[in-house]
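1 is the number of the first residue of the sequence shown in the working numbering; add one for each residue after it. No residue lacks a Cβ here, since even glycine has one placed at the ideal position from N, Cα and C. What follows is a short report on a single structure.
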Amino acid sequence: MLKKIDYHVHPDYSIDADRAKIKDYCHRALELNLEEICFTTHLEFGHLEEGIDTLVYYRGKPWSVLSLEWLDGYFAEIHQAQQEFKDLGLKVKAGAEIGFQRKYENVIEKIVNQYPFDYVLGAIHCLQGCSIASKYESIDYFAHRDLATVGHEYFTLLEEAVKSGFFDAIAHLDIYCRYGSRHFGDRISTLHRGILEPILKEMARRNMALEINTSSLSRGLKEFHPSREIVALAVKAGIKIFTVGSDAHKLEELGRHIDAALALLKEFNLNPHVFTRHQAAPFPTDRI
Numbered sequence: 001m002l003k004k005i006d007y008h009v010h011p012d013y014s015i016d017a018d019r020a021k022i023k024d025y026c027h028r029a030l031e032l033n034l035e036e037i038c039f040t041t042h043l044e045f046g047h048l049e050e051g052i053d054t055l056v057y058y059r060g061k062p063w064s065v066l067s068l069e070w071l072d073g074y075f076a077e078i079h080q081a082q083q084e085f086k087d088l089g090l091k092v093k094a095g096a097e098i099g100f101q102r103k104y105e106n107v108i109e110k111i112v113n114q115y116p117f118d119y120v121l122g123a124i125h126c127l128q129g130c131s132i133a134s135k136y137e138s139i140d141y142f143a144h145r146d147l148a149t150v151g152h153e154y155f156t157l158l159e160e161a162v163k164s165g166f167f168d169a170i171a172h173l174d175i176y177c178r179y180g181s182r183h184f185g186d187r188i189s190t191l192h193r194g195i196l197e198p199i200l201k202e203m204a205r206r207n208m209a210l211e212i213n214t215s216s217l218s219r220g221l222k223e224f225h226p227s228r229e230i231v232a233l234a235v236k237a238g239i240k241i242f243t244v245g246s247d248a249h250k251l252e253e254l255g256r257h258i259d260a261a262l263a264l265l266k267e268f269n270l271n272p273h274v275f276t277r278h279q280a281a282p283f284p285t286d287r288i
């Protein structure tokens, strides 16, 4: 049996997740023989301009993402799980998936520096006020842009996220393929060519990680986020740190396709990594 981890998990604090709690995911992780799990609750700012700030779930209701009391509760719950499950052989880490928005860099910086995160994922979810990760919002975004404009807007913001220094890793790098393929077909899978390479080199220079996100396979796509081609470009650019995550938003999604993601990394002679207080360490996946 391979040693396995899952470094992208959304408990009930994420507004778009099921109401499964941190403890529920930990019990499920033991059932799946996971050795380490990292919770990466959403921190999103994309709709604040519309006056919508209830973008997290806390104390049984939607809660303002800017009222940081919820983060105190989040860390307290993770600490409790760490104590409860350490003797059962499960390591529990505290993380976040932050949707980068240039207007809210000061808020992001404050949160990242103020709280004891192990692992912070940076993501591009919103472009020009539309969530490209949303089945419905993405329709309007892609319908009113050509492919070149999509590439310019996405990779410009991605480069800013990388250079911000806030993030340990970049999540689902080619997330635009999720729904963009419905508008542009297979052409969108090559959107990165000629644009992404210098960004990957900057990630390598900063010792940032690239996530292999397995959620794409459950959404009808044939490859992970990012694609094998992008993984190869990342290796060529000098990136040595990779993580694997299911992007679970419900219990039954935990650990999905992680074996296949680990197999992909093995093809490139790579090990997945785990994080403690922003410090990466290789995770050996030898059979137990």
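Going straight from the alpha carbon of residue 27 to that of residue 247, what length do you get?
If I take the Cα positions, the gap works out to 17 Å.
Under the three-state DSSP convention, the category residue 91 falls into
Strand at residue 91.
Alpha carbon to alpha carbon, how far is residue 267 from residue 64? Give it in angstroms, no decimals.
Going by C-alpha positions, residue 64 is about 43 Å away from residue 267.
Is there contact here, the region 172–188 with the region 127–144, by at least three beta-carbon pairs under 8 Å?
Taking 8 Å as the limit for Cβ pairs, the verdict is that the region 127–144 does touch the region 172–188.
Please indicate yes or no: does the CB of residue 30 lie closer than 7 Å to some heavy atom of the ligand MN?
Absent from the structure shown: the ligand MN. Ligands present: none.
Which residues in the same chain have their Cβ closer than 6 Å to the Cβ of residue 43, if we skip the five residues on either side of it in sequence?
Around residue 43: 96, 98.
Whole angstroms is fine: what's the gap from residue 106's alpha carbon to residue 155's?
Roughly 21 Å separates the two Cα atoms.
Among 271, 285, 8, 258, nearest to residue 289 - alpha-carbon criterion
Outside the shown range of the chain, which is 1 to 288, sits residue 289, and nothing can be said about it.
Residue 5 and residue 184 - do their beta-carbons sit closer together than 8 Å?
No, these two residues do not count as a Cβ contact at 8 Å.
Cβ contact check for the region 184–199 and the region 256–275: 3 or more pairs under 8 Å
When Cβ pairs closer than 8 Å are counted between the two stretches, the region 184–199 is seen not to touch the region 256–275, the count staying below three.
Kindly identify the DSSP beta-bridge partner or partners of residue 248.
Bridge partners of residue 248: 9.
Counterpart residues of residue 56 in DSSP-defined beta bridges
Residue 56 is bridged to 14, 63.
Can you confirm whether the region 237–254 touches the region 213–220 when touching is taken to mean that 3 or more C-beta pairs between the two stretches lie within less than 8 Å?
Yes, the region 213–220 touches the region 237–254.
At what residues does the alpha helix (DSSP H) containing residue 141 begin and finish?
Element bounds for residue 141: 137–143.
Tell me whether residue 124 is buried or exposed, calling it buried when 16 or more other Cβ atoms sit within 10 Å of its Cβ.
Buried, since its Cβ has 16 or more Cβ neighbours within 10 Å.
Could you have a look at residue 42 and say whether DSSP puts it in helix, strand or coil?
If DSSP states are grouped into helix, strand and coil, residue 42 belongs with the strands.
Inter-residue CB distance, residue 208 and residue 166 (contact presumed, cutoff 8 Å)
With a Cβ gap of about 10 Å, residue 208 and residue 166 do not count as contacting.
Quick one, which of 218, 116, 14 has its alpha-carbon nearest residue 260's?
Relative to the Cα of residue 260, the nearest Cα in the group 218, 116, 14 belongs to 218.
Where the beta strand (DSSP E) containing residue 122 begins and where it ends
Per DSSP, residue 122 belongs to the beta strand (DSSP E) from 119–123.
What do you get for residue 190, buried or exposed, if any count of 16 or more other CB atoms within 10 angstroms of its CB means buried?
Taking all protein chains shown into account, residue 190 has fewer than 16 neighbouring C-beta atoms within 10 Å of its C-beta and is therefore exposed.
Count the other CB atoms, across all protein chains shown, that sit within 10 Å of the CB of residue 83; report buried if there are 16 or more and exposed otherwise.
Residue 83 is classed as exposed because its beta carbon has fewer than 16 other beta carbons within 10 Å across all chains shown.
Coarse secondary structure for residue 131, derived from DSSP in three states
In the three-state reduction of the DSSP assignment, residue 131 falls in the strand class.
Going along the chain, which unbroken runs of the beta strand (DSSP E) with 3 or more residues stay wholly within the region 184–236?
Counting only runs of 3 or more residues that sit fully inside the region 184–236, the beta strand (DSSP E) segments are 209–213, in chain order.
Going by CA-CA distance only, name the one from 170, 32, 202 that's closest to residue 2.
Residue 32 is the option with its Cα nearest to residue 2.
From the DSSP output, which residues share a beta bridge with residue 276?
Paired residue(s): 279.
For residue 3, three-class secondary structure by DSSP
Three-state DSSP puts residue 3 in coil, outside helix and strand.
May I ask you to report which of helix, strand or coil DSSP gives residue 171?
Residue 171 carries a coil assignment under DSSP once its states are collapsed to helix, strand and coil.
Those residues which DSSP pairs with residue 313 across a bridge:
Past the boundaries of the shown model lies residue 313; the chain is included only from 1 to 288, so the question cannot be answered.
Apply the 10 Å Cβ neighbour rule to residue 138 and answer buried if 16 or more other Cβ atoms are within range, or exposed otherwise.
Result: buried.
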